[in-house]
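What follows is a single structure, written as structure tokens, with notes after it.
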Amino acid sequence: MSDHDPTAPQGDEHHDGHDHHGPDYLAHHFDTPEQQFESGKLGMWLFLVTEVMMFGGLFVAYALYRANHPDVFAYSHGFLDWKLGGINTAILLASSFTMALAVRAAQLGQQKALCTLLALTLLGGFGFLGIKYMEYTSKFKHFIYPGTSNIYYPVANSSLMMQTEGEEEPVEMSRLMQLEEIAFVEFETLAIKHAYMPPASAYDLYKERRVFERLEKYDEKTGGHHHAHAMEVFAQAGAPEAVAWVATHGGHDGHAHDGESHGHGHADEDHAAKADPDDPIDAEGLSLVVPVANATADMATLKPPPGGATGLSDHYAHADEHDEHGHKPSIAEVLGTPDLSHALHYTPYEYYDDAVQSRVHLFFQIYYCATGLHALHVIIGMGCITWVLGKSWAGAFSAEYNVPIDIVGLYWHIVDLIWIFLFPLLYLIH
Numbered sequence: 001m002s003d004h005d006p007t008a009p010q011g012d013e014h015h016d017g018h019d020h021h022g023p024d025y026l027a028h029h030f031d032t033p034e035q036q037f038e039s040g041k042l043g044m045w046l047f048l049v050t051e052v053m054m055f056g057g058l059f060v061a062y063a064l065y066r067a068n069h070p071d072v073f074a075y076s077h078g079f080l081d082w083k084l085g086g087i088n089t090a091i092l093l094a095s096s097f098t099m100a101l102a103v104r105a106a107q108l109g110q111q112k113a114l115c116t117l118l119a120l121t122l123l124g125g126f127g128f129l130g131i132k133y134m135e136y137t138s139k140f141k142h143f144i145y146p147g148t149s150n151i152y153y154p155v156a157n158s159s160l161m162m163q164t165e166g167e168e169e170p171v172e173m174s175r176l177m178q179l180e181e182i183a184f185v186e187f188e189t190l191a192i193k194h195a196y197m198p199p200a201s202a203y204d205l206y207k208e209r210r211v212f213e214r215l216e217k218y219d220e221k222t223g224g225h226h227h228a229h230a231m232e233v234f235a236q237a238g239a240p241e242a243v244a245w246v247a248t249h250g251g252h253d254g255h256a257h258d259g260e261s262h263g264h265g266h267a268d269e270d271h272a273a274k275a276d277p278d279d280p281i282d283a284e285g286l287s288l289v290v291p292v293a294n295a296t297a298d299m300a301t302l303k304p305p306p307g308g309a310t311g312l313s314d315h316y317a318h319a320d321e322h323d324e325h326g327h328k329p330s331i332a333e334v335l336g337t338p339d340l341s342h343a344l345h346y347t348p349y350e351y352y353d354d355a356v357q358s359r360v361h362l363f364f365q366i367y368y369c370a371t372g373l374h375a376l377h378v379i380i381g382m383g384c385i386t387w388v389l390g391k392s393w394a395g396a397f398s399a400e401y402n403v404p405i406d407i408v409g410l411y412w413h414i415v416d417l418i419w420i421f422l423f424p425l426l427y428l429i430h
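In the numbering used here, the protein residues as written are 1 to 430.
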């Protein structure tokens, strides 16, 4: 019996033999270049829908955890450098622009411009990954790893090992060791590196956790001024011992401070010295002029207005407009309160209850999963761009045929778009 189907079209034998029935770039299973182009784009859009669904799971996890544990996210996001995240956002936006121009150049048959624009897009990908490498290594240095090796992971449920002074081999971390390391990492990262303002009451906590002792030892080895800077930070926050230290030793610039007011003559030093620390403070008024996350959470660490006055706005309104140098003092200068205009307040880890402490590591797990998966997509996209760049250099594309350029461009744009969502969700919580 013959296998030949008499009902089959007799004129299509050349299709079975994969013979070309059009331009060289037209695949044998398409009838026209237009059909090939539309089919390719439709397939890519279907694939991108699956990509959005995959990242959607991470976004749902983020939303659930943040809704249930807002304090965890408010504390943890401070470890992310929004400046680096912002630079990466700008890099990806620029690379999306160059990719769109590359697609346009391909459609116009501009071979040289196409290769140049693809190379610039590829360079943007390398820049993004370079900054992401800097971010990851800065966290690894502070034991902020993905998984159970994270410094914030509950000690009772992990076997985190740590190298201690005087020990040749790493030892299993105890709760006290964990708290000491967290206090050091917290202050070094949040207060020193990112300029967030600690509460004055944290001075005793950090002293007990040997933070200042470790900073002094580090300065002895490196000749740095980290300990002096730490004293300045707490002096600005209003910690009495730090204020006294700065007045005696001076700041890291070597100049001792005599304790005089920096309010340029507008603060009443005698009244401020006689003010009772227990005088009530207008917390509601203070929350309007001091940009902190929780203005009422740390009222006890702020000095009352001179003379015990509680109307902050009224007191400021009666201050002279400008000093002899034309400088208008800030409210902080007038009232003798810490100047938090360029810093955010943060609450130390040990001030939170167990429910928050035991879940801080979850933020970093979401961070690593989301940014790590995105970085993997960036690498894949760079591989695709490298491929079309090589083909472009060989002259494989023209104004009539540029489907691969268009499809790779779609993939790169969706990768960039996902980062546009990740950046504010992770880096700009406050």
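Cβ coordinates follow ideal geometry from the N, Cα and C atoms, glycine included.
Note that this is a predicted model, so its numbers are computed, not measured.
task = Run the CB neighbour count on R175, radius 10 Å, all protein chains shown included, and call it buried at 16 or more, exposed below.
result = Burial call: exposed.
query = Which of the three DSSP states, helix, strand or coil, is assigned to E172?
reply = If DSSP states are grouped into helix, strand and coil, E172 belongs with the strands.
task = Let me know if P306 comes out buried or exposed under the rule of 16 or more other beta-carbons within 10 Å of its beta-carbon.
result = Its pLDDT being 41, under 50, P306 is placed unreliably by the model, and nothing is read from it.
query = Would the segment 129 to 146 and the segment 84 to 103 be scored as touching if the rule is three or more Cβ pairs under 8 Å?
reply = With a cut-off of 8 Å, the segment 84 to 103 and the segment 129 to 146 count as touching, because enough Cβ pairs lie within range.
message = Tell me the DSSP secondary structure of H345 in three-state form.
response = H345: strand per DSSP, three-state reduction.
ask   = Any idea which residues DSSP pairs M197 with across the strands?
value = Its beta-bridge partners are H345.
ask   = Got a sec? Which residues, its chain only, sit under 6 Å from Y346 by beta carbon, not counting five neighbours each side?
value = So the list reads G78, L190, Y196, once near-sequence residues are dropped.
task = State the Cα-Cα distance for the pair F364 and P146, rounded to the nearest angstrom.
result = Near 7 Å, if we compare the C-alpha coordinates of P146 and F364.
inquiry  = Taking the alpha-carbon of I380 as reference, which of P198, P70, Q110, V408 has the nearest alpha-carbon?
reply    = Ranking the options by Cα distance to I380, first place goes to V408.
query = Terminal residues of the continuous alpha helix (DSSP H) containing Y411?
reply = Y411 -> alpha helix (DSSP H) spans 403 to 427.
ask   = From L428 to R66, what does the alpha carbon distance come to, in whole angstroms?
value = Answer to the nearest angstrom: the Cα atoms are 13 Å apart.
task = Using 10 angstroms around the beta-carbon of N402, count the other beta-carbons present and answer buried if the total reaches 16, otherwise exposed.
result = So N402 counts as buried.
inquiry  = Within 10 Å of its beta-carbon, does M99 have 16 or more other beta-carbons around it, so buried, or fewer, so exposed?
reply    = Buried, since its Cβ has 16 or more Cβ neighbours within 10 Å.
ask   = Could you check where the alpha helix (DSSP H) with L122 kicks off and where it finishes?
value = Its alpha helix (DSSP H) spans residues 111 to 140.
query = Would you say F187 and P198 are within 8 Å of each other, going by their C-beta atoms?
reply = It is a contact, given that the beta carbons lie within the stated cut-off.
ask   = Just the Cα atoms here: how many angstroms apart are T121 and R210?
value = Between the alpha carbons of T121 and R210 lies a gap of roughly 48 Å.
key: Integer-rounded CB distance, given that A375 should sit under 8 Å from L129   = 7 Å between Cβ atoms; contact.
query = Would you call the segment 43 to 53 and the segment 405 to 419 in contact, with 3 or more CB pairs under 8 Å?
reply = The segment 43 to 53 vs the segment 405 to 419: in contact.
key: Cβ-based neighbour list, I418, same chain, cut-off 7 Å, excluding 5 preceding and 5 following   = Cβ within range, chain order: F55, H374.
task = State yes or no: is the C-beta of L108 within less than 8 Å of the C-beta of A399?
result = Their beta carbons are under 8 Å apart, which means L108 touches A399 by this criterion.
request  = Report all residues from its chain with a CB closer than 7 Å to the CB of Y206; omit the five preceding and five following residues, and keep chain order.
outcome  = Once the five neighbours on either side are set aside, the close Cβ partners of Y206 are A183, F187, F212.
ask   = Who are the Cβ neighbours of T222 in its own chain at under 6 Å, not counting the five residues just before and after it?
value = Nothing meets the Cβ criterion.
request  = Report buried or exposed for G124, applying the criterion of at least 16 other Cβ atoms within 10 angstroms of its Cβ.
outcome  = Answer is buried; the Cβ neighbour count reaches 16.
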